[in-house]
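Using the UniProt record's numbering, read the first sequence as starting at 1 and increasing by one per residue. Idealized CB from N, CA, C, for every residue including glycine. Worksheet: the structure to be examined is printed underneath.
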Amino acid sequence: MDFTNIPSVYDPKNVEDKWYRFWEEQNFFRAEIDPEKEPFTIVIPPPNVTGHLHIGHALNNTIQDILIRYKRMQGYPTLWLPGTDHAGIATEAKVKEQLAEEGLSKYDLGREKFLERVWAWKEKYGDTIVNQLKKLGASCDWSRFRFTLDEGLSRAVREVFVRLYEKGLIYRGDYIVNWCPTCKTTLSDIEVEHEERNDKIYHVRYPFSDGSGHITVATTRPETILGDTAVAVNPEDERYRAHIGKTVVLPLVGREIPIIADDYVDMEFGTGAVKVTPAHDPNDFEMGLRHGLPVIKVMDEEGRMNENAGKFKGLDRYECRKALIRELGEKGYMEKIEDLTHSVGQCYRCDTVVEPMVSKQWFVRMKPLAEPAIDVVKQGRVKFVPERFTKIYINWLENIHDWCISRQLWWGHRIPAWYCQDCGETIVSRETPVKCSKCGGSSLEQDPDVLDTWFSSALWPFSTLGWPDDTQDLRYFYPTSVLVTGYDIIFFWVARMIFMAMEFMKEEPFRYVAITGLVRDALGRKMSKSLGNGIDPLEVIEKYGADTLRFALCTGNTPGNDIRFSWEKAEHSRNFANKIWNASRFVMMNLEGFEPGEPELEKLSLKDRWILSRLNDVTSEVTEFLDKFEVGIAAQKVYDFFWSEFCDWYIEMAKIDLYGDDKNAKKKTQRVLYTVLERVLRLLHPLMPFVTEEIWQHLPHEGRSIMVSAWPEFRPEWKFEDAGDMEILMDAVRGIRNIRAEMNVPPAKKARAVVRAGDSGTLKLLRQNIDIIHTLARVSETDFISEEDPAPGKAMSCVIRGAEIFIPMEGLVDLDAEIARLQKEKASLEKEISTVRKKLTNHGFLSKAPREVVEKERQKERDYIEMLKRVEERLKALTELG
RNA sequence: GGGCGCGUAGCUCAGUGGUACGAGCGCUUGACUCACAUUCAAGAGGUCGCAGGUUCGAUCCCUGCCGUGCCCA
């Protein structure tokens, strides 16, 4: 076969789609149950169904695919279960935007029509992200694809809701919740983001009812004055003790409210007296409960003042604030206004300032559910990688509040609760009830709200495998092996999956949680639309290929740490893909007459033993690091080996045999080249699936695809004692190259060399492998002289372990320069010797350090002394010559 | 206020109780050498944040401090 027509630049276009199609057609992604074997399972963190692939997805899914491909090659029945999430708020927002362009609101359409629109939207865009994952090379089992709103998962959601309700772990009640006036829905506590803001704090006088003066309270939200039902002070506060029990008149409102004492009040903050608005502040709400205060809600769901706000009714909360400030000032109630920096809660979706509000909602009682979820992690049955996230997780669950799960949206799982219009009974049921279980009435109305999207994704690891049915998949693939996700959703998702799994499966949902960091831009900034600094992964794929994107995302990646991504980085990875391509091209071009087979051990030369030995090391290392989810280090190891050792050294040395006359040597070298290349391609496959497949299919191979070939293993017979001797030869080559470079010897001009070896071992080593030095250092011939022979006069020299090499320069030598160079080398050797000696004369070191370490130092000392001796002799000779 | 991460070559980051082996980019010098100029060769460049402690030995372990970023309250 003629390989010379293979282009010298790798072009991923066509190649990638071709192989993805091939893998799919061959059913390689499909997980098959094999009861004899232990499975390896990952469930995908389901992306938003109408979303598109961003760089964070690319990173996260690349890591999953690497682990899946690696384990698949190791022979595990491997399942990567894909799917998408209906993403209530986000999806509704998009469809609402679309409607707005037509001048419509979702209320204009009504629930049913609106949902039709959303489903249509989902049909249109739901495949986008799936196709993008395929572009990335994701080897998901698409036959098991799930969507959080599909029938099976919806059944799981209902089942969980009903069981928790029956157990008393889900309840409905009037509590303070976070309300987003833009999204017009409640939010759970973690959906509120706190941000420091520069604001004002208003000191307002509340006159005593008896006319004996006033008490001053401080607030950042004056509009809530309208809903105040008390003023609170700390019982220990001397300033106010006498006033406790009195009443004050609420400015502009006229309502008489009591002054109460409560430990919660911070005497140091503001004036030490606080207004209490149970309907619009979580702490005030608690205080209201303790003191039996009335709850007066003054705002509606759009953040406008309601009928309880009197003449302010209809004003937006901020307009109302302005109006109140003006009027309080005019009427002499405003004592002062100060600047204040405090943190303000905002909606994580739309950044609107969240309004705490009392409202009737559904909640999950968290304490009983949190405990097993804490225990399972403490017992190490679920392990976070890196470990430090364990503490964050446990700390959160230990301080958890009840979870508000009802959302005032239409897109989602409707709450399976019905209210009897006749008797007011609440019916929670798996099936839609036809009549009231209490009064038998048939006018039942289902709760209009839907569940928090995270409620359904919390069930993901088992609902996707068929739960609540006892399916084969569930029995075999659960618990899953590892969850790969970002630290930003540990609370949202990871914790919730764990407590739901402990409640319903009585077993952890996954053994490991591999945490990834954020992908930032080249300057370390978060990628964002507003900054315009985002990099579209599809653009990277389009330009450089998916392998390049994957590799670029892996290198320098440490679990749990943020990484930076830039086009430069992508280019470097592209170069690596091209390097693999060209090295493979070289091997293929030199396989003429190749007879497949293992390299015959007894025929191997030092360079062969060295590269096989290094391949062995790298195989172990890559395996070990992938097992620890350290894809960054694994990538680095295989990169270094491939580029620096295989390409820069072994291939260059292999040319000696390939282009030489010894047919046997050629045959042997072909086998080594092939073996190393083929195995390193397999090591690379999980990282760069496409280019490795493309090349592998061109190479002689057994099996249908590299993706289902066996993961390479350490081979004991490739462990060679003398492999390290290669380093001496490499030092010799580097030394001569160095001399040539310093003396500006043109690359085309071959040099002569004289070797003076100190011991027979080194002499033999150099003699046997002199062709390596000749080829790589461009030396035409070498004379070997003995210890007793004088060194060549006008020559440059380099000292390696056990020998020195001279390059006669025929009068071109700049003696002074050479002397200066040697003196520098002498000084550096002397420094080394002095540090080594310091250790070797230290009794503590000699008696306490491990013997190998001491012996290593001794050997070092011997080597350095010998090298120093040679340098000194050389210096002396040159000085005399000068 | 509590918790956590980071601080190593000009830049971006790896890394380990035993001389920092670092890597990429950048920089200097040379080469279109028959796989690759998306390349090859050679080189310069670091008190591994500061101060203590543990240890025969610490960049890597402990304590404090400084700078920086994040999470939670």
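Tell me the DSSP secondary structure of residue 883 in three-state form.
Limits of the chain in this structure are 1 at one end and 882 at the other, which puts residue 883 out of reach.
Where do the ends of the alpha helix (DSSP H) carrying K37 lie?
Taken as a continuous stretch (DSSP letters only), K37 belongs to no alpha helix (DSSP H), as it is neither H nor E.
In this structure, how does DSSP classify E600 when only helix, strand and coil are distinguished?
coil
Give me the DSSP bridge partner(s) of E286.
DSSP lists no partner for E286.
In the DSSP assignment, find the unbroken alpha helix (DSSP H) run with F504 in it and report its ends.
A495 to F504
Just tell me which of Y202, I257, R241 and V162 has its CA closest to the CA of S209.
I257
Would you kindly report the start and end of the unbroken alpha helix (DSSP H) that includes V676?
K663 to L684
Which first and last residues belong to the beta strand (DSSP E) in which L444 is found?
L444 to Q446
Hey, which unbroken runs of the alpha helix (DSSP H) at 4 residues or more fall wholly within the UniProt domain "Valyl-tRNA synthetase tRNA-binding arm" (814-878)?
DSSP runs (the alpha helix (DSSP H)) wholly in the UniProt domain "Valyl-tRNA synthetase tRNA-binding arm" (814-878): 815-840 and 843-848.
Could you tell me the alpha carbon to alpha carbon distance between L465 and A577, rounded to whole angstroms?
Each residue's Cα considered, the two are about 37 Å apart.
Do N48 and A90 have their C-beta atoms within less than 8 Å of each other?
Closer than 8 Å, so yes.
Report yes if the C-beta distance between A583 and T548 is below 8 Å; otherwise report no.
Contact flag unset, no.
Is the beta carbon of G486 sitting closer than 8 Å to the one on G88?
No, Cβ-Cβ distance for G486 and G88 is not below 8 Å.
Would you call the stretch 635-646 and the stretch 692-705 in contact, with 3 or more CB pairs under 8 Å?
With the rule of 3 Cβ pairs closer than 8 Å, the stretch 635-646 does not count as touching the stretch 692-705.
Going by the DSSP bridge assignment, what does D85 pair with across the sheet?
N48
To the nearest angstrom, how far is the alpha carbon of L115 from that of P448?
13 Å
On a CA-only basis, which of F285, R290 and W467 is nearest K297? Give me that one, please.
F285
In whole angstroms, what separates the C-alpha of G632 from that of K383?
20 Å
Quick one: using the 10 Å Cβ neighbour count with 16 as the cut-off for buried, is L601 buried or exposed?
exposed
Using the DSSP secondary-structure output, state which residues sit across from I515 in a beta bridge.
T485
Tell me where the alpha helix (DSSP H) around residue 884 begins and ends.
With the chain covering 1 to 882 only, the question about residue 884 has no answer from this structure.
Looking at the structure shown, is E116 part of a helix, part of a strand, or coil, going by DSSP?
helix
Taking the alpha helix (DSSP H) that Y476 belongs to, which residues open and close that run?
From DSSP, the alpha helix (DSSP H) with Y476 extends over Q472 to F477.
Within the same chain, show all residues whose beta-carbon is closer than 7 Å to that of E195, passing over the 5 residues directly before and after it, in chain order.
S343, V344 and Q346
Measure the CB-CB distance between Q408 and T186 and report whether it falls below 8 Å.
yes
So, with DSSP's three-state summary, where would you put W179?
strand
Is the stretch 73-84 touching the stretch 697-717, taking contact as three or more C-beta pairs under 8 Å?
yes
Which value, in whole angstroms, describes the spacing of the CA atoms of R163 and S406?
17 Å
Along the chain, where does the beta strand (DSSP E) containing W362 start, and where does it finish?
E355 to V364
For G345, report the span of its beta strand (DSSP E) as first-last.
M334 to C347
From the DSSP secondary-structure annotation, give me the bridge partner or partners of residue 914.
Summary: the structure shown does not reach residue 914, with the chain confined to residues 1 through 882, and so no result is reported for it.
Among Y512, M653, L250 and E702, which has the Cα closest to the Cα of I772?
M653
Alpha carbon to alpha carbon, what distance is there between G329 and K322?
Roughly 11 Å separates the two Cα atoms.
Nearest by alpha-carbon distance to L226: which of V295, H698 and N234 is it?
Of V295, H698 and N234, the residue nearest in Cα terms is V295.
State yes or no: is the C-beta of L459 within less than 8 Å of the C-beta of V160?
yes
Tell me where the beta strand (DSSP E) around T782 begins and ends.
V779 to I785
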